[in-house]
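Notes follow the structure.
Numbering (the UniProt record's numbering), first residue to last: 1 to 722.
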């Protein structure tokens, strides 16, 4: 259920003789699809009774991790393996195309690449990919001339022999001598924290298990605070204090988040002066702070939690700066003295504006940088602390993405930010807030001699929703492409959690654009593209707006002759997979093919069960079905519960066996039910990665095999074979 950004795209090379009518694999008509067994489970909720014949597919973590599978586990494994084998058979004729696409995608990526260094506490930090490796090597170098490069962590060596390797965050101790880092080798986002002595290169014996993968150092260079997860729900709910040299069993719990609708995290303030504990819910936050000089001291609350009150904290000198929605739906910037932190002491720096969403901020010694959203587009606003020289950085693309990146120092007049658009690769830029001069530190490289951003056109349009709301749409395609009813078009969106769908560049997408596809992003309600109200109008009892907005955008693109239902495709992942499930139930004939990646589709059963990871602190996003009003509303759109006897579009569904966010059984059950009910002869395949979780493969390039699968699925339906 949490956000996953999967972006794809399109366009046809007339030189390869593409067909103008969609085609389907004939193999699906002669191969028997898996038939999942049915064991009727009766679910009595409120005054209704649901019969779920596939409820048996759910396994506990104990069953999944057991050395010897029990009968139920074996049945599940057998079914998932059957689905995978069926998918391989049905799509076997696309294997050559998948290989070609994978080679294209990987071929555009610079193999020997390094991140832009940033400086902290006298050292410059960066990571480097060496050609032939899937994982980076992490380095640092002391500031000054002729200093020696140090290897912090060697990703390729650490990942050897592992089917999955996920690196958590890394924190260097204040004295620069020790490194704490997290590792996940299962893909459940349960990290183990390890420690390395950077003076000797040796690992310390301390090991902290079942964590979020990050820690916060106290200034004594031996005390580390970290977050543990509930072993069943995986909710981050406890903060512990660890002293190096002692066993984890002796660690002191310094905070427990007892409200099951909240999760918590611990980190060090940018200043390094404070350890911060944040508690988070969809509609509420709360922060505690402790001097990093006194790790055994007492924690203080900045502002006690209140329903519908959010605030996000940064420390500078004797003040806390906060972005908050206190009497400010679109958020405002306030500050308060550290000696008086309650909301009654908050003083406005940037007042609330009804037409501008404050997304974030960066505090410097003499400047403020504001990350805003104006009329649906991101903006960077810069000013001096006294309010003088207030200005916006200018950008020229019709749709783009810009955001502050690594700004770790206060005493600088340089703001570092990243910029990209649908046609422009990502760049890292330093902006001088005094002179307004800019230095491009790194430009995205596309290893294709035929690539030029001038070869592509981007547009920003508005579609009209059922209720008259104007929905922004970002579009990109190759210049010279003839737009008509035979043009294939892929429409993507997410539409949940207030997460906006950003029009950023993707070199992967060129494999579709250069084959004649149009790629479009629907900025539907449920995100925050047009302000906080955009989010409020797309969640809880307004959730159906998300689905109808997406449908309205699809209909708009057909009406404007960008495509037709015979050539219109849709894609979304996680909560965006819920979107896919909703729109194919509501308007199945609008789409020729749909890709639903790790889709959250079994809404009622998941949100009813509070032992499932993420459920309890998402009630404010979806509602609690134990409340009859929310139950009835969720039942009106839950994809699994609304599968009916009708024709559905061609469908590719993906999942991961170890997914902790959308458990594998949701898409597996959904596919089984769709196969039982659907009245068409279209493709329906499930791809279950048996070794990974929500984010898919961990390697730098391995993940693109699934991207190639997505693309080949749609291209094949268009009759494009090369």
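Beta carbons: idealized from backbone N, C-alpha and C, even for Gly.
For residue i, does the three-state DSSP call read helix, strand or coil?
{"i": "residue 669", "result": "helix"}
{"i": "residue 730", "result": "Outside the displayed span of the chain (1 to 722) sits residue 730, for which this structure offers no information."}
{"i": "residue 333", "result": "strand"}
{"i": "residue 14", "result": "Residue placement at residue 14 cannot be trusted, given a pLDDT of 24 that sits under 50; what the coordinates show is reported in the next sentence. If DSSP states are grouped into helix, strand and coil, residue 14 belongs with the helices."}
{"i": "residue 544", "result": "helix"}
{"i": "residue 297", "result": "coil"}
{"i": "residue 550", "result": "helix"}
{"i": "residue 604", "result": "helix"}
{"i": "residue 744", "result": "Look at the range of the chain in this structure, 1 to 722, and you will see that residue 744 is not part of it."}
{"i": "residue 168", "result": "strand"}
{"i": "residue 483", "result": "coil"}
{"i": "residue 62", "result": "helix"}
{"i": "residue 343", "result": "helix"}
{"i": "residue 260", "result": "coil"}
{"i": "residue 154", "result": "strand"}
{"i": "residue 119", "result": "strand"}
{"i": "residue 690", "result": "coil"}
{"i": "residue 628", "result": "helix"}
How long is the line joining the alpha carbons of residue i and residue j, rounded to whole angstroms?
{"i": "residue 165", "j": "residue 347", "result": "45 Å"}
{"i": "residue 194", "j": "residue 181", "result": "6 Å"}
{"i": "residue 157", "j": "residue 196", "result": "15 Å"}
{"i": "residue 393", "j": "residue 404", "result": "12 Å"}
{"i": "residue 496", "j": "residue 208", "result": "33 Å"}
{"i": "residue 441", "j": "residue 82", "result": "49 Å"}
{"i": "residue 447", "j": "residue 521", "result": "25 Å"}
{"i": "residue 391", "j": "residue 382", "result": "6 Å"}
{"i": "residue 663", "j": "residue 639", "result": "15 Å"}
{"i": "residue 258", "j": "residue 279", "result": "11 Å"}
{"i": "residue 673", "j": "residue 606", "result": "17 Å"}
{"i": "residue 21", "j": "residue 523", "result": "Model confidence at residue 21 stands at a pLDDT of 38, short of 50, so the residue's coordinates are unreliable; what they give is reported in the following sentence. So the two alpha carbons sit approximately 29 Å from each other."}
{"i": "residue 243", "j": "residue 222", "result": "6 Å"}
{"i": "residue 517", "j": "residue 163", "result": "34 Å"}
{"i": "residue 101", "j": "residue 714", "result": "12 Å"}
Is it right to say residue i is buried, meaning 16 or more other beta carbons lie within 10 angstroms of its own, or is it exposed?
{"i": "residue 135", "result": "buried"}
{"i": "residue 303", "result": "buried"}
{"i": "residue 96", "result": "exposed"}
{"i": "residue 71", "result": "exposed"}
{"i": "residue 237", "result": "buried"}
{"i": "residue 470", "result": "exposed"}
{"i": "residue 228", "result": "buried"}
{"i": "residue 161", "result": "exposed"}
{"i": "residue 433", "result": "buried"}
{"i": "residue 339", "result": "exposed"}
{"i": "residue 659", "result": "buried"}
{"i": "residue 253", "result": "exposed"}
{"i": "residue 19", "result": "Interpretation of residue 19 is limited by its pLDDT of 32, a score under 50 that renders its predicted location unreliable; the figure taken from the coordinates is listed afterwards. It counts as exposed."}
{"i": "residue 44", "result": "exposed"}
{"i": "residue 148", "result": "exposed"}
{"i": "residue 46", "result": "exposed"}
Hey, does residue i have any beta-carbon neighbour from chain C nearer than 9 Å?
{"i": "residue 423", "result": "Note that chain C does not occur in the displayed structure, where there is just one protein chain."}
Take residue i and list the residues in its own chain whose beta-carbon comes closer than 7 Å to its own, dropping the five residues that flank it on each side.
{"i": "residue 106", "result": "701, 704"}
{"i": "residue 372", "result": "356, 357, 358, 359, 379, 381"}
{"i": "residue 411", "result": "365"}
{"i": "residue 328", "result": "352"}
Spatial neighbours of residue i within its chain, please: CB distance less than 6 Å, with the 5 preceding and 5 following residues excluded, ordered by chain position.
{"i": "residue 138", "result": "127, 152, 153"}
{"i": "residue 266", "result": "216, 225, 227, 239, 277"}
{"i": "residue 5", "result": "Its pLDDT being 29, under 50, residue 5 is placed unreliably in this model, and the coordinates cannot settle the point."}
{"i": "residue 608", "result": "625"}
For residue i, which residues of its own chain have a beta-carbon under 8 Å away from its beta-carbon, when the five flanking residues on both sides are left out?
{"i": "residue 306", "result": "284"}
{"i": "residue 552", "result": "463, 464, 465, 466, 471"}
{"i": "residue 132", "result": "111"}
{"i": "residue 647", "result": "588, 589, 678, 679, 680, 682"}
{"i": "residue 118", "result": "124, 125, 126, 406, 408, 416"}
Indicate, with yes or no, if the ligand MG has a heavy atom lying under 8 Å from the CB of residue i.
{"i": "residue 225", "result": "The model on display carries no ligand, and the ligand MG is accordingly not part of it."}
**OP:** Count the CB pairs spanning the stretch 196-204 and the stretch 213-229 that are closer than 8 Å, and state whether there are at least three.
**Re:** no
Subject >> Meets three-Cβ-pair contact criterion under 8 Å: the stretch 467-485 and the stretch 707-721 >> reply: no
Original post:
Any contact of the stretch 641-658 with the stretch 592-606, i.e. 3+ C-beta pairs under 8 Å?
Top reply: yes
**OP:** Taking 8 Å as the threshold, find out whether the stretch 506-514 comes into contact with the stretch 543-556 through three or more Cβ pairs.
**Re:** no
Original post:
Touching or not, the stretch 310-326 and the stretch 334-348, by the rule of three or more beta carbon pairs under 8 Å?
Top reply: yes
Subject >> Stretch-stretch touch, CB-based, cutoff 8 Å, three pairs: the stretch 44-58 with the stretch 665-677 >> reply: yes
Original post:
Three or more C-beta pairs closer than 8 Å, one from the stretch 482-496 and one from the stretch 563-571: is that the case here?
Top reply: yes
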